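See below for the structure under consideration.
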Amino acid sequence: MDDARGTHPRRDGIDDAATYAQVQQAVLDLLLDQRPDVVLLDMGAVTFLDAAGIRALLTCRCDAQQLGNRLQIRRAHERVRRVLAICEVEHLFH
């Protein structure tokens, strides 16, 4: 879904290690194919985030920055926001 601000890839969840690489690839493909200014990652369905998930998000953010774009998280579950805050990375996704 596109709008004036960016592109919104919707994920049903990145709450297990098997999906982290898929999320990273989907974000990278979107960045390379559509070149949005902002990628808004909808995390509304994600209720769990571990260290590998945080690493995947940080990798996606790094990929976006290298291409001159931004990655923002939308609709994050309270537990996910708490994990990001504890790891002191929440501010990187606004």
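If you read the sequence shown in this note's numbering, its first letter stands for residue 371, the second for the next number, and so on.
Beta carbons are placed, not taken as given, at the ideal position from N, Cα and C, and that holds for glycine.
Everything numeric in this text was worked out from a predicted model, so none of it was measured.
Bridge partners - residue i, DSSP secondary structure assignment
| i | result |
| --- | --- |
| ILE443 | LEU411 |
Nearest residue (CA-CA) to residue i, options the options
| i | options | result |
| --- | --- | --- |
| ALA455 | ASP420, TYR390, GLN436 | ASP420 |
| ARG440 | ARG405, TYR390, GLY423 | ARG405 |
| LEU437 | VAL450, THR389, ALA391, ASP399 | ASP399 |
| HIS461 | GLN392, GLU448, ILE443 | ILE443 |
| VAL393 | VAL453, THR429, HIS464 | THR429 |
| ASP412 | GLU458, HIS447, CYS457 | HIS447 |
Exposure label - residue i; buried when at least 16 CB within 10 Å
| i | result |
| --- | --- |
| ILE431 | Correcting the residue identity first, residue 431 is Arg in this sequence and not Ile. Answer is buried; the Cβ neighbour count reaches 16. |
| LEU401 | buried |
| PHE418 | exposed |
| ASP373 | Low per-residue confidence applies at ASP373: pLDDT is 44, beneath 50, and the placement is therefore not dependable enough to give any value. |
Whether residue i touches residue j by CB criterion (8 angstroms)
| i | j | result |
| --- | --- | --- |
| ALA426 | TYR390 | yes |
| VAL416 | VAL450 | yes |
| GLY414 | ARG445 | yes |
Endpoints, the alpha helix (DSSP H) within which residue i is located
| i | result |
| --- | --- |
| ARG431 | 421–436 |
| GLU460 | Note, GLU460: premise wrong, no alpha helix (DSSP H); not H, not E. |
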